[in-house]
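Take 1 as the starting number for the sequence shown in UniProt numbering and just add one per residue. C-beta atoms are modelled at their ideal positions from N, C-alpha and C, and glycine is treated no differently. All values derive from a computational prediction rather than experimental measurement.
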Amino acid sequence: MTLNDKSENLDDIFLTKDKNKSKRNNEKTSEEKARETEQIVSSLKEMQKHGKEWYEEHKNEVRYERNGLVSFESLTKQKPRTIKRGRKYERLMEGIDAYLTSKEISPEIKKLLQDTKDYLLQGIFDVFDAKRYLTISFALLIQHGKQLNRSEKQVVKSFKNRIFIKNIVTIIIICIGTYLIFKYIR
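Structure below.
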């Protein structure tokens, strides 16, 4: 054999070894690895994006508990609360029903009352929320130039929160009591 033949044979041997080696070990080039990594990262980002969208959609969803109480997460990041349906709730619902059946009340106020009743039945509002919603809605109607008749004024008065007045009176009584106690102790 000549030297030239030996070199060709050696080249063939090395080339076939390289081809067989890559097939045998299933080695991937750096480009293939980079492509796979990019695919994994993009699929993880898509999954994360889908998770965020799902969280945003179901963030304020009402959850019903087994004992009939309702809890929900508000937009103001308050703790979930339970809404109880007691005597005040029944009186408020009776008042709303009575005013809804009245013919002297305008359709706008009837719509507000019906919306409030729906929110109460769904458990979104408690009694305090319902009264606050009605008070603010009535104030906005009056501010936009709505003229109220006698029965509508009665509706507005009946749904005002008087709890604040009780709290103010209680604070004043406590202040007077502490003043008198300190006055007579000296």
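- Secondary structure at D126: coil, using DSSP grouped into helix, strand and coil.
- Rounded to whole angstroms, I109 and K166 show a C-alpha spacing of 27 Å.
- Cβ-Cβ distances below 8 Å link K117 to M93, I96, D97, L100 in the same chain, with the five nearest sequence neighbours on each side left out; the list follows chain order.
- By the CB criterion at 7 Å, E104 and S137 fall outside the cutoff.
- Rounded to whole angstroms, the Cβ separation of V127 and K88 is 5 Å, and the two are in contact under 8 Å.
- Within a 10 Å sphere around the beta-carbon of A139 sit fewer than 16 other beta-carbons, which makes this residue exposed.
- From the listed residues F125, I181, T135, the smallest Cα separation to Q154 is found for T135.
- For L148, there is no enclosing alpha helix (DSSP H), since its DSSP letter is neither H nor E.
- Apart from sequence neighbours up to five positions away, the residues of its chain that approach F125 with a beta-carbon distance below 6 Å are Y119, ordered along the chain.
- Secondary structure at S106: coil, using DSSP grouped into helix, strand and coil.
- Looking at the backbone, the Cα of F182 and that of C175 are separated by about 11 Å.
- Rounded to the nearest whole angstrom, the CA to CA distance from R91 to T170 is 25 Å.
- Taken through DSSP and simplified to helix, strand or coil, G95 comes out as helix.
- Per the coordinates, the alpha-carbon of L113 lies some 13 Å from the alpha-carbon of D129.
- The DSSP-derived three-state label of F182 is helix.
- DSSP places F159 in the coil class of the three-state scheme, outside both helix and strand.
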